[in-house]
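What follows is a single structure, written as structure tokens, with notes after it.
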Amino acid sequence: MKIRATAAIMECLLEQEVDTIFGYPGGTILNLYDELYRYQDRIRHVLTAHEQGAAHAADGYARSTGRVGVCFATSGPGATNLTTGIATAHLDSSPVVFITCNVGESLLGKDSFQEVDTTGIAMPITKATYLVRDPQTIPDVMRQAFAVAATGRPGPVLIDFLKNVTAPDVMIDYEFVPWNQNRACSSIQALASSHALKAPEPDQGDIDTLVDMIAQSERPLLICGGGVVRGKADQVFRKFAEKLDAPVAITVMGGGGFPGSHPLTTGMIGMHGSQASNVACAECDLLIAVGCRFSDRVALDPATFASQAKVVQIDIDRAEIDKNVLTDHHIIGSAKRVLTLLNEKMPQYDHTAWKEHILPMRAPSVAEDSPKLTPQQVLEVIRLQAPHDTIVATDVGQHQMWSIKYLHFDYPGQLLTSGGFGTMGFGLGAAIGAQMGNPDKRVVHVTGDGCFRMNCHELCTVEHYGLPIITVIFNNGTLGMVRQWQSLIYGKRYSETTLDRGPDFVKLAEAYGLKGFRVTDRAEMETAFAQALACGSGAVIDCVLDIDEMVRPMVAAGSPITDFLLKEGSK
Amino acid sequence: MKQTISVLVENQAGVLNRITSLFSRRAFNIDSLAVGVTDDPTLSRITIIVDNGNSVVEQVEKQLNKLVEVIKVRTLDENSLIGRELMIIKVSANKSSREHIMTICSICGAKVADISPTSMTLELSDTPDRVSTFEDMMRPFNILEVARTGVIALQKGGGKI
Amino acid sequence: MKKPLDTRRKLYTMCILVEDVPGVLSQVSRLFSRKGYNIESIVSGATDKPGIARISIELIGDELMIDQIAAQCRKLLPVKAVKILDEETCIRREIALIKVSCADRVSRDEIIQLVNIFRAKVIDVAKNALTIWVFGSQSKNAALIEMLEDFGILEIAKTGTIAIERGCNTIYDESKLKEEYEYGKNVL
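One line per chain: the protein sequences are P, G and Z, in this order. Each residue of the first sequence is one higher than the one before, counting from 1 in my numbering. Each residue of the second sequence is one higher than the one before, counting from 1001 in my numbering. Each residue of the third sequence is one higher than the one before, counting from 2001 in my numbering.
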């Protein structure tokens, strides 16, 4: 059947069961938006205030739903505005298909208006890029792009269509093939033959070796990494942890992979890791990391990291093995499959003595009374009042670390945070995406005053689409995390980190047509949050905090993991 | 039409990436590319063969000239250049076929570089056409693996880049 | 078991089989420039299979560094196979075209004599210049170039080194490592 090339692009989106797109139109992508107009009953488009917001929203949608996010942008500045969002998705292995349009073939490479080498720019921050010059290849490219984004280690993919490819008079051959069948289409077949696409089976020998290593271990430690979340392996991981009867440390990206309230949890590991996690890491004799790449925020000093232990890495991406920390053993495969096989072969263990040594080091999780509002109080109010399955999107900095420390995440996709790239301004976009993809769930956006200023214009998107997102600002009037480093390492020289400036966030919220609250103590926070939950629209709560609040504990970058610069709980 | 572009560049990290992205940006493919140091160890010479229209090559030549690390660019036309290519090829060989392969080698001027009970590794340096002919001749013997350098070229006569 | 790594810096040749699509060279060379590594030489040329190119890259480094780059390289979609060869296990060849000036008949004769010793060939003659074609190992070519320097070298074009493993092993050989890399790339 012959159909318009642009219609084929829309049909290909429908093949993948895409119902929501985030984006921003412009000159070169006009043809695509014209087609979208005809498809508006089947594909919902969310117009953001800025392409970066659209990219984060598609990312947040993908992380919270486990489906592939889709984002549209025009050429030139539209495409370059996406780059922060693409890199954020890339570092956190989030499956997003970015679709941009470029100038026509005849203008390509001539520094034409709004022309830039989009695929060249995106190359280092995507799993794959496609420049489409021949309309006939549209179905194959689209199908392959979605397959690449969603399979293996997921990640962002960029497709750049030349404008002449999307011209309204271009007709191509097309036939609708649902995604689970189009995996047999010719281009994926070609990929399959060259790359041996298959349902992978982890190596049995590798599994047996690990089972033996576990049998000989007396002090095992498990790390729950982002791979558990992305691979939706939370159930099997929990079973594995309980069978192994070992403490479980959770990385930032692993939040949601293992219940935060589980008796085996030791909390976060690494730079702001808990005493329990970091000491366990230093003293264990077997470290099993699942879907964790030992970033420099976890393995601060690779030379002394888990120095008493045999290190075992379970990952889907072979390139992560031995990249940051040299390992003793590894198993390649999806977390779900590897852990299922391990669960079948492994007996129930009892490591009571080891647990009794580690687990009591955990800090009490109840907020202390204080006349001034504290970060822990704010988060405790959220934890107690918000529904159990509330999705939390954070930005980057102190509030991010506090959120991960004091809130509990119980399922993959409940915590949306920029762990690898550390993108300030990620949270609001991600919250929008999450709310679009999960209309029945409550979404709370936790942010700091610095981060919020970066992308607060997306409040107009929150208002326009009637999203009941609650933004909680940890307003300490400073770039808190940077100030913390300046306090501890740079002799209290607070160079350009004090944010003693507007706007008034309550008035800002009201200007966007949302509810605004300012709170200065716990009681006010409780009232404001209850009102925000009940008001039915989006709300902004400005929490006034002390400028010198710090994230505890803390280990300096590059130091051994138990050399605490700041201890837990101490003032 | 195939075009040969010779580029003299500073020998440092990232130069090659900048040059190849000039081609990929315009979505055209490089047939072959060879980089080797010159008599001056701080300089490399890159020989690129592309199969594209004239105007495109002119565009790229201009863009190449703009790069800070590029010292000289020259497009060589087919009639005035001397081009050579090198190939190493591994073919299956047993007692009975070995002699046959040796005969073809001596006709084409190829040398045997390595031998094992089941294979032979041959090397040949010549014009690209003759290298391709030799490869075709080897095809019936079951080619295991081939590595070719792509063409390098100098202008005929006394002129230089 | 922590595998023993060769920490000596030495010359490695990385052979990469790629699909011949626009941008593939950029994708590969980017991995080196990203880490600030300069490469000794790089060659991209055809193979016996249409649409498949073979990139040979020479660089000096230790095993850990080479392994990491190879790992990143294997992740790229157009990359089909990667093989790391070191000096002892492979045959390495390059060609050089050298244009050398010769002012008079005496120096021309001397040059031709040198060319014969090195089993090189003169492929173009002009009044005041000779173009010489030499092929073989890198050290042999370097030796000839050094000898010719006395006469005044006008220009040189070299291919960079291509390499192939000794014996009957090839880059296409299946291995557990190759299997492992394919998991992360595309798993349906």
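Each residue gets a CB set at the ideal place from its N, CA and C atoms; glycine is no exception. Being a predicted model, the structure only gives us computed values, none of them experimental.
Secondary structure in the segment 407–478 of chain P: the beta strand (DSSP E) runs of 3 residues or longer, each lying completely within the stretch, are 443–448, 470–475 in chain order. Contact of Arg2074/Z with chain P by beta-carbon distance below 8 Å involves Arg318, Ala319.
Neighbours of Ala2129/Z across chain G, judged by C-beta separation under 9 Å: Gly1157, Gly1158, Gly1159, Lys1160.
In its chain, beyond the 5 residues on either side, no residue has a beta carbon closer than 6 Å to the beta carbon of Gln216/P.
Using a CB distance cut-off of 9 Å, Asp2067/Z counts as an interface residue toward chain P.
Between Leu1008/G and Ile1088/G, the C-beta spacing is not below 9 Å.
Secondary structure remark: continuous alpha helix (DSSP H) runs of at least 4 residues inside the segment 86–111 of chain P: none found. Any Cβ of chain P closer than 9 Å to the Cβ of Gln1059/G would place that residue at the interface, and such an atom is present. A direct Cα-Cα distance of roughly 34 Å separates Gly273/P from Gly516/P. Identification of residues in the segment 103–137 of chain P having a C-beta nearer than 9 Å to some C-beta of chain Z yields Thr119, Gly120, Met123, Pro124, Lys127, Ala128, Thr129, Leu131, given in sequence order. Beyond the five residues adjoining it in sequence on each side, Val103/P comes within less than 8 Å, by CB distance, of Thr28, Ser75, Ser112, Phe113, Gln114, Glu115, Leu162, Lys163 in the same chain, given in chain order. Boundaries of the beta strand (DSSP E) harbouring Lys2099/Z: 2090–2101, taken from the DSSP string. DSSP, read as helix, strand or coil, puts Met10/P in helix. For Gly2036/Z, the secondary structure class from DSSP, reduced to helix, strand or coil, is coil. In chain P, no part has a C-beta under 8 Å from the C-beta of Arg1018/G; the shortest such distance is about 10 Å.
The residues Thr447, Gly448, Asp449, Phe452, Phe505, Val540, Ile541, Asp542, Cys543, in chain order, have a CB closer than 8 Å to that of Ile473/P in the same chain once the five nearest residues on each side in sequence are set aside. For Leu1086/G, the enclosing beta strand (DSSP E) starts and ends at 1081–1092. In terms of beta-carbon proximity, Arg1026/G lines the interface with chain P, with at least one pair separated by less than 9 Å. Comparing alpha carbon positions, the residue from Thr461/P, Leu566/P, Val228/P closest to Asp92/P is Val228/P. Among the residues of chain P, none has a CB under 9 Å from the CB of Gly2152/Z; the nearest is roughly 40 Å distant.
The beta strand (DSSP E) runs of length 3 or more contained entirely in the segment 2139–2171 of chain Z are, from start to end of the chain, 2153–2158, 2162–2165. Put simply, the CB of Ser1021/G is near chain P, with a gap under 9 Å to one of its CB atoms. Look at Val148/P: its C-beta is under 9 Å from a C-beta on chain Z.
Excluding its 5 nearest sequence neighbours in each direction, Arg383/P has C-beta neighbours in its own chain below 8 Å: Tyr406, Leu407, His408, listed in chain order.
Bounds of the alpha helix (DSSP H) holding Gly53/P are 51–65. The beta-bridge partner set that DSSP reports for Thr2131/Z consists of Lys2099/Z, Asp2124/Z. Secondary structure of Glu15/P (DSSP, three-state): helix. Cα atoms of Gln16/P and Gly413/P: separation of roughly 20 Å, rounded to the nearest angstrom. Distances from the alpha-carbon of Asp1077/G to those of Val1050/G, Asn1142/G, Lys1090/G put Val1050/G closest. With a beta-carbon spacing of about 21 Å, Ala393/P and Gln377/P fall beyond the 8 Å limit used to define contacts. In the structure shown, Lys336/P falls within a helical segment according to DSSP collapsed to helix, strand and coil. Not flagged as an interface residue toward chain Z: Asp350/P, since no C-beta distance is shorter than 9 Å. Under the Cβ distance rule, Glu2180/Z does not count among the residues neighbouring chain G, no pair being separated by less than 9 Å. By alpha-carbon distance to Ile2052/Z, the top candidate from Ile2084/Z, Leu2076/Z, Tyr2037/Z, Leu2017/Z is Leu2017/Z.
Per DSSP, the beta-bridge partners of Ser1116/G are Ser1119/G. If you draw a straight line from the Cα of Gly2160/Z to the Cα of Asp1040/G, it comes to about 15 Å.
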